[in-house]
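**Q** Below are the structure tokens for one structure; questions will follow.
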Amino acid sequence: MRNPNIARVCVVAWGIQAVICGTCFAATPTYEFRTLRNGVINDTVMNAVHPSCVATTRSGKWLLSFGDTGDGGPGNRVYFVESRDAGQTWSKPYKIIEPEHEKQGGGLSLFSLDDGRILGARLRIDHQDTSILNLKNERTSTITIVSSQDGGRTFAPVQRLRSPSESLVAGMNSLVKLGNGDLIFPAYCYPAIHTPRQPGEVYGSGFYRSTDGGKTWGDFELAFKEVPGTKAFSFNESAFAVKDDGTVVGFARIDSRPVRNMWKVRSQDNGKTWTMPEQTAIPGNFPEIKRLNNGLYLMVCGLRRERGRPTVLFISADGETFERAGTLYYSRPEYVGGRSWGGGTGGTQSIFPVGENRAYVVFYGGDLELRGKRCTYIDGCLVEARRSAPVGHASKATKPDLPSRPPSSPKIVNLPGGTTLELIYVAPGRMTNAAPVKDITLREGYYLGTCEVTQAQYEAVMGENPAHFRKDAHPVESVSWFDALAFCDALTRIERHAGRLSDREMYRLPTEAEWEFAARGGNKSQGFLYSGGRNIKEVAWKQGNSGYEPHDVGLKKANELGFCDMSGNVWEWTDDCYSDLPAYAGSGHYARQIAIRGGDCNSLAAYCHVDHRCAAAPAKPLRCLGFRVLRTISR
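Just so we're aligned: 119 in the numbering used here is position 99 of the sequence shown, and the numbers increase by one with no gaps anywhere.
Here's what the structure looks like:
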């Protein structure tokens, strides 16, 4: 259901590095931030508003919803778009089928649960005027929790959440899972008319809580108490981060004109009690916070006061102290080259973690003139944020002075349909670069696929086989980098749902350093030029012995750790952007491409060296380019 006219996707690398320092770190590490691609998700529905967070189905499909006529006005319908290639392309918008009494409402916030259900939260406002700004005509507002058990094809009402007292309630952020397993949905209450507060009215920012996995929901709980001396009538637009020790940190904007810096609260008892709000140095509105699988926290918010009304990314290592990393998007005409009617950034943003170091960010842009029509469109980009770690050539590998208790190896992963996938454990270790000379330490062990992912394994997880050279035991090829990411994400969901993978573990592509360390034999390396030996004919399918096509995986001699085909057969995608200087991946001209390793069945011997590097465009599948998966181990 792809629409090439919508998905005008390009790969970009801004080369922005954010140095995050301050009291929240024992040292002063450097964090890399870059956008990997931008693409318009919707420019068909002319008044698209409030995009949801991305939800995923068991089959790996991405779902995203948005409204079409403002904040919960009469006749507002929910539209869906879907992606089957990890956000590279999106379908045309389509309407969901909903009960007659649910036709009025705003957008639909989405949240994927481990049991396969998709929960949604929809705002509805009963008023005589369709404009949210006409507050005097608003009567009541409600949030309805809905649930889908068929991958988002249909939604059934679960519970209607009414606002406390006579105030109005709103909320569009995604659900948050607390340390005790409770789910909370951020929301805020505000007065229907700008008049002095009436007795019993509750204003401010907080949440609704579910203690049974979203089946039932309690009353509104206030997290941000009134701050004496402030002129604003309430807090609103909140987001929450959960730390490893269970501490919950909340950020919210105070309702004021102009928009000022956000305020922060903390709870150490899963949201039962909160500290008094304290003002931060973080500007912006409509914040959204998500934690990446590498432990970093991302916050995205809009800056209405800043020139160009940018959507800005903040990064934190502790979930409390955020530093500005860079700008994702500008909505004003001087930046996007079109006519603008204001609006734009400052609306709802959402973050969807992808892999270990990346997240897909969704937001709606300004009101622009597209194809001769006034349009508020939905946009998205893939961003990467990681702690900087040198990556590059290695001439030898040595065992580090690090404690290591190797798990069982090899590990067998049971895939749907009876297919299996074998992984081998790689203990932490060190590599010494050949040029430039530099010691690289891999401080954490990991599992890596014994062989390249086969066509049978790919089809078992993704339900299709895109390979050109068809045979179940052949490595899957003709897959883009995005296809490889989608496979890893789908396998992660399958394993988590089966209870074989924790929330802190995942499948992803190996970095260049992880790939090369394993290819050299890890801590057992004998310094071979090719992976597994000095005689390339024994270890690799290459030009001269392959017949110019891939062969079944695992037929050639394995290396010191037991890995096969890391020289020859098919090139393999890695998790890193390509760089002219391998010690610092992701900068320079080649950052527009992804690093690939290993050589293929058409390669000369020199291309099969374990230290040889090459690059490929991430969106372009090649006939002799595949991948192998890495499984992280929880710390």
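Even for Gly, the Cβ is constructed at its ideal location relative to N, Cα and C.
1. Cβ of Ile444 within 8 angstroms of Cβ of Val481?
2. Could you name each continuous alpha helix (DSSP H) segment of 4 residues or more that falls completely within the segment 291-347, going from the start of the chain to the end?
3. Please go through the same chain and pick out, in chain order, the residues whose beta-carbon is closer than 6 angstroms to the beta-carbon of Ser336, but skip the five residues on each side of it.
4. Bridge partners for Pro206 per DSSP, in chain order?
5. Could you have a look at Gln169 and say whether DSSP puts it in helix, strand or coil?
6. Per the DSSP calculation, Leu624 is bridged to which residue(s)?
7. When DSSP labels each residue in this structure, what does Thr50 get in the three-state scheme?
8. Tell me whether the segment 458-470 and the segment 619-637 touch, counting them as touching only if at least three CB pairs, one residue from each stretch, are closer than 8 angstroms.
9. Can you tell me where the beta strand (DSSP E) holding Glu102 begins and where it ends?
10. With DSSP as the reference, label Pro486 as helix, strand or coil.
11. Could you work out which residue in Asn305, Asp232, Arg142 and Met319 is closest to Val262 when comparing CA atoms only?
12. Using CA atoms only, rank isn't needed, just tell me which of Cys628, Ile616 and Lys245 is closest to Pro638.
13. Would you kindly check if the distance between the Cβ of Gly270 and the Cβ of Ile165 is under 8 angstroms?
14. Just the C-alpha distance for Pro373 and Cys508, rounded to the nearest angstrom, thanks.
15. Have a look at Phe260 and Ala75 and give me their C-alpha separation to the nearest angstrom.
16. What residue range does the alpha helix (DSSP H) around Ala504 cover?
17. Kindly give me the distance between the Cβ atoms of Val268 and Leu198, rounded to whole angstroms, as I take these residues to be in contact under 8 angstroms.
18. Taking 8 angstroms as the cut-off, decide whether the C-beta atoms of Ile274 and Ala207 are in contact.
19. Distance check for Ser254 and Leu441, CA to CA, integer angstroms please.
20. Figure out for me which residue from Glu246, Gly226 and Lys245 has the closest Cα to the Cα of Asp239.
21. So what's Ala261 in DSSP terms, helix, strand or just coil?
22. Distance, Cα to Cα, Asp459 vs Met451?
23. Using only CA atoms, which one of Asn200, Thr512, Tyr99 and Leu130 lies nearest to Lys292?
24. Nearest to Thr300 by alpha carbon, out of Val285, Lys310 and Pro448?
25. Compute the Euclidean distance between the alpha carbons of Phe306 and Ala272, then round it to the nearest angstrom.
26. What residue does the beta strand (DSSP E) around Ile444 start on, and which one ends it?
27. Taking the C-alpha atoms as reference points, what is the distance between Pro448 and Phe131?
28. Could you give the first and the last residue of the continuous alpha helix (DSSP H) run that contains Glu536?
29. Quick one, which of Gly438, Gly588 and Glu580 has its alpha-carbon nearest Asp572's?
30. So what does Asp459 bridge to, in DSSP terms?
31. Could you tell me the boundaries of the alpha helix (DSSP H) in which Glu558 lies?
32. Decide if Glu3 is buried, meaning its Cβ has at least 16 other Cβ atoms within 10 Å, or exposed.
33. Would you report the Cα separation of Glu536 and Lys115, rounded to the nearest angstrom?
34. For Ser258 versus Cys73, is the C-beta spacing smaller than 8 angstroms?
35. Expressed to the nearest angstrom, what Euclidean distance is found between the alpha-carbon atoms of Gln618 and Arg651?
36. If you run the structure through DSSP and keep just helix, strand and coil, what is Leu650?
**A** The answer reads as follows:
1. Here Ile444 is not near Val481, since their CB atoms are 8 angstroms or more apart.
2. You should have found no qualifying run.
3. Result list for Ser336: Tyr317 and Phe342, in chain order.
4. Pro206 is bridged by DSSP to Phe227.
5. coil
6. Bridge partners of Leu624: none, in fact.
7. For Thr50, the pLDDT reaches just 45, beneath the cut-off of 50, and the residue's location in the model is therefore unreliable, although a value from the coordinates is still provided. Strand at Thr50.
8. no
9. Val98 to Ser103
10. coil
11. Met319
12. Ile616
13. no
14. 13 angstroms
15. 19 angstroms
16. Start and end: Trp501 to His517.
17. 6 angstroms
18. no
19. 54 angstroms
20. Cα-wise, what sits closest to Asp239 is Gly226.
21. strand
22. 6 angstroms
23. Asn200
24. Thr300 has its Cα closest to that of Val285, out of Val285, Lys310 and Pro448.
25. 8 angstroms
26. Thr440 to Val446
27. 36 angstroms
28. Residues Glu532 to Ala539.
29. Gly588
30. Beta-bridge partners of Asp459 (DSSP): Thr452.
31. Ile556 to Val559
32. The structure shown does not extend to residue 3, since the chain is modelled only from 21 to 655, so the question has no answer here.
33. 47 angstroms
34. no
35. For the record, residue 618 in the displayed sequence is Gly; it is not Gln. In a straight line, the C-alpha of Gly618 is about 20 angstroms away from that of Arg651.
36. strand
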